[in-house]
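Everything on this sheet refers to the single structure shown next.
There are 2 protein chains.
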Amino acid sequence: MSSSISKRLIVVAAAAALVIGAQAAQAQTAPLSAQESDPNVMGWMQGFPPPADKMITQPDSDYFSFPKLRWSVCHLREFLPTEEISRGLGAPAPLSYPSPAEFAELSAQIDALTFTPINGDAEMTWEESLFANYTDGMLILHEGQVVYERYFGCLEEDGKHAIMSMTKSITGLLGEILVAEGVLDDTLLVRDVIPEIGDSAFASATVREVMDMTTGVQYSEDYSDPNADIWVYSRAASPLPKPEGYDGPDGYWEYLQQVEPEGEHGDAFHYKTINSDMLGWMISRVTGKAVTELASERLWRPMGAEQDAYQTVDGKGVPFAGGGVTAGLRDLGRLGQLMLNGGEINGQRLFSAQVVETIAAGGDPSKFAGFPTIPNGSYTSQWWVFHNEHGAYAARGVHGQTIYVDPTAEMVLVRLASFPRAQNGFIDPTSLPAYQAVAEFLMGR
Amino acid sequence: MSSSISKRLIVVAAAAALVIGAQAAQAQTAPLSAQESDPNVMGWMQGFPPPADKMITQPDSDYFSFPKLRWSVCHLREFLPTEEISRGLGAPAPLSYPSPAEFAELSAQIDALTFTPINGDAEMTWEESLFANYTDGMLILHEGQVVYERYFGCLEEDGKHAIMSMTKSITGLLGEILVAEGVLDDTLLVRDVIPEIGDSAFASATVREVMDMTTGVQYSEDYSDPNADIWVYSRAASPLPKPEGYDGPDGYWEYLQQVEPEGEHGDAFHYKTINSDMLGWMISRVTGKAVTELASERLWRPMGAEQDAYQTVDGKGVPFAGGGVTAGLRDLGRLGQLMLNGGEINGQRLFSAQVVETIAAGGDPSKFAGFPTIPNGSYTSQWWVFHNEHGAYAARGVHGQTIYVDPTAEMVLVRLASFPRAQNGFIDPTSLPAYQAVAEFLMGR
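Given below as structure tokens:
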């Protein structure tokens, strides 16, 4: 096997998308601004064909490095095999908007809001924060009505954007729905659900520990270490032909069967993507359905989505339950509204209120550490719970993706972004206080 | 470069999909029947994970060989990178149906129709022909109303199916629309539209010759010859990393730049897929849009499609204009109805009536040969014209795909299929007379 092919294999792996950006960002010290790196300004993939230096191709360029990722986050299906999350065939359920005049006034008021970043930097306006955060799409719903909606960079209202690890929250929501319905018993051990998990460290964890990521499993994401587990996972997950002589795991699920233990199950929260794929496997086993099909049946169709979503797959057609979804901004707003409404949308109950109650209640913050911008948080059913005064919780994905639900303010906020660095710890300082400022503004309307 | 990697590269190439089936079919002498090879009966990809012998994966299995192709025709995006042909965000334009009672009666009447196959085999009923032809979906519209609709095998009403070379007819329709609007001058030489076509044999052909496939270009599809052009094209088109040491063309368009001459332009019709991709390139050059975007803007959105379609792409993101589209059955019915109505649908004119008139008039049958089941045919703007008493014309794709438009009977018929052999010459004997029988029945209603 040539090292060139091997390197390329890694580059195209679905799981690697999450990683490459972080790597590239580490190499960047003064990245281009949001305006400078706007993919339309950069001219990526414009022309038939584009000039060679404006081409973003797979595999010979690193398509998920900044600033190319600002284009690629809207185009993942053009690089990778995918499965559809169907909206069905009917008419979408329209979102509610104020009058155009009222909408314009609200937008202007929100743009002018000011807040102080967490890190103590100078006060900033809401609108400035959009650029500071390399925002591609921002949607805010208040009391079920869209009060703010803007598109930047590669995203348009009829486009879609990679949601990265927010995928986990969809997987977790599906899992929690199945738990509430008695289809998935969260007190079982993984080996009771998936007997062929064998000697994997997952075998002796409970379903609940997998859902809450408190398993004791080895999975390193040190990108500077060529032997880190993330690379092995990427190679396993790649839909490309395995190189000759490759004898590692083939696909997400084979990887999960050979995970080594690290620490004790239940002791502490460790953010490790393999838990999400373990949960995805258990969901498929107990329902007989791919997570894509289940997300369509339980969420996308009944909530009246206006676009299909899609999910990348490994070489065996298994959707990447830990990070593979791409979706439209307003459909993610529908999903957030469904959460805020405790499982109801468009006058229809899609799942028990207990599902959202469990997620919003959060877990034990004493088991949660390592996220300085979320000092009192917890992680439950693949959702981030802030344990703040507003009882907010969120789906979060690298490079700035979020669905932020504030039950006190009756606010749902969706941001899609292509921040140069992967970790949300870099983006939270100019995001979380901004969300709080909008929430307070909306509560005072 | 290892021969194993090389072989796998070929297998996964988008263009090769069209080819592999034919190869495999040649090796098969008594294929399974439609009922026996039903993918649900075969059990392909059922279970999480499926048993190893029921797995259809890329690249290690030949996913487009019969009987696997009966599953794969509904799942191409799970193997290959694709681009969306968006339906937009609005409500679909519903198709018109008779009352359920009338619909059931019509279906029964059509199922019982009999006809004599072209090859002189024994008389057959319409319903028998569905199985003889490995039909996955059949939709018949009469006077704008759906009078027959059935799904088999891998296809359901909210699913999609590869349309293979019917893709060419979408490309050709877009080209003809641009000609009618004066955006594409069909009297120009290719080199006047695409200067960088260079010394390619295409350079001196006219746009019209490309549209009608009367160019004199070398392109062999002898599957038994490992040096046949189809394999070079497949390697160029593959979205997989090019193997080390590969020095052939990269992508559809680089291939087109090095095509050798064979015969004279304008002399005769030769069915060669590279013409469709040459046309696709010219369309993108004069419009500044990918064929996917143009198909969305000019067809899928305004005709009120109920599903997005999609199109496979090469490693540079160029859609396969000669065969890459996958779409829903009813949306193809809308497309056929749009043709039958001379460019109008849902009370809206999408393009000049001249467009359909040009296509339906057909070309010079004296230049057309080599298709025994279409003895007096011609090929115009990538549509097959039968020059029969009903003035019928059709989009056609390997393994049995067709949109068959019969203006005299005011009938549109769409068949999606996964016939074991690629060439429609094997399927026409039990198809074309069946279509004529339905047309006559509908005219007598």
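Those protein sequences? They're chains R and E, same order as listed. Numbering of the first sequence is given in my numbering, commencing with residue 2 and proceeding in unit increments. Numbering of the second sequence is given in my numbering, commencing with residue 2 and proceeding in unit increments. In this text, a Cβ means the ideal position worked out from N, Cα and C, and glycines have one as well.
- Residue 301 of chain E and residue 436 of chain R have their C-alpha atoms some 38 Å from each other.
- Minimum Cα-Cα distance from residue 377 of chain E among the listed residues E:384, E:383, E:368 corresponds to E:368.
- In this structure, residue 78 of chain R lies near residue 311 of chain R, with their beta-carbon atoms less than 8 Å apart.
- DSSP places residue 355 of chain E in the helix class (H, G or I) of the three-state scheme.
- Note that the C-beta distance between residue 92 of chain R and residue 306 of chain E is not below 8 Å.
- Taken residue by residue, none of the region 323-334 of chain R has a beta-carbon sitting less than 7 Å from a beta-carbon on chain E.
- Distance from the CA atom of residue 107 of chain R to the CA atom of residue 357 of chain R, rounded to whole angstroms, is 29 Å.
- Put simply, the CB of residue 314 of chain R is near chain E, with a gap under 8 Å to one of its CB atoms.
- For residue 363 of chain R against residue 353 of chain R, the beta-carbon gap comes to about 18 Å, at or over 8 Å, which does not count as contact.
- Listed as beta-bridge partners of residue 336 of chain E by DSSP are no residues whatsoever.
- When C-beta distances to chain E are compared with 8 Å, the residues of the region 78-89 of chain R below that value are 78, 79, 80, 81, 82, 83, 84, 85, 87, 89, in chain order.
- Residue pairing for residue 92 of chain R: DSSP places it in no beta bridge.
- Under the three-state reduction of DSSP output, residue 82 of chain R falls in the coil class, being neither helix nor strand.
- C-alpha of residue 36 of chain R to C-alpha of residue 42 of chain R: approximately 8 Å in a straight line.
- For secondary structure counted as the alpha helix (DSSP H) over 4 or more consecutive residues, the region 238-262 of chain E holds these complete runs in sequence order: 253-257.
- Per DSSP, the continuous alpha helix (DSSP H) segment holding residue 72 of chain E begins and ends at 70-73.
- Three or more beta-carbon pairs separated by less than 8 Å link the region 273-292 of chain R to the region 210-222 of chain R, which places the two stretches in contact.
- Here residue 442 of chain R is not near residue 47 of chain R, since their CB atoms are 8 Å or more apart.
- By the Cβ rule, the region 187-195 of chain E does not count as touching the region 244-252 of chain E, because fewer than three pairs are nearer than 8 Å.
- Of the candidates R:355, R:271, R:387, R:86, the residue whose Cα lies closest to the Cα of residue 322 of chain R is R:86.
- Short of 6 Å from the beta carbon of residue 403 of chain E, and not among the five residues preceding or following it, lie these beta carbons of its own chain, in chain order: 395, 397, 416.
- Using a Cβ-Cβ cut-off of 8 Å, residue 159 of chain R counts as an interface residue toward chain E, since at least one Cβ of chain E sits closer than that to its own.
- Pairing residue 56 of chain R with residue 326 of chain E, the inter-Cα distance amounts to about 23 Å.
- If you ignore the 5 residues before and after residue 205 of chain R, its C-beta comes within less than 8 Å of the C-beta of 190, 191, 192, 266, all in its own chain and listed in chain order.
- Residues of chain E whose Cβ lies closer than 7 Å to the Cβ of residue 307 of chain R are, in chain order, 90.
- At a cut-off of 8 Å between C-beta atoms, residue 104 of chain R does not count as an interface residue with respect to chain E.
- Following the DSSP letters along the chain, one finds residue 213 of chain R inside the alpha helix (DSSP H) bounded by residues 208-213.
- Here residue 45 of chain E is not bridged, per DSSP, to any residue.
- Three or more beta-carbon pairs separated by less than 8 Å are not found between the region 289-304 of chain E and the region 135-149 of chain E, which leaves the two stretches without contact.
- DSSP places residue 292 of chain R inside the alpha helix (DSSP H), whose first and last residues are 292-296.
- DSSP places residue 304 of chain E outside any beta strand (DSSP E), giving it a letter other than H or E.
- Against residue 286 of chain E, the close residues of chain R are 49, in the order they occur along the chain (beta-carbon pairs closer than 8 Å).
- Only residues of its own chain outside the window of five on either side were considered, and among them 258 have a CB closer than 7 Å to the CB of residue 199 of chain R, listed in chain order.
- Under the three-state reduction of DSSP output, residue 132 of chain E falls in the helix class.
- Secondary structure remark: continuous alpha helix (DSSP H) runs of at least 4 residues inside the region 338-403 of chain R, in chain order: 354-362.
- For residue 282 of chain E, the nearest beta carbon of chain R is closer than 8 Å to its own beta carbon.
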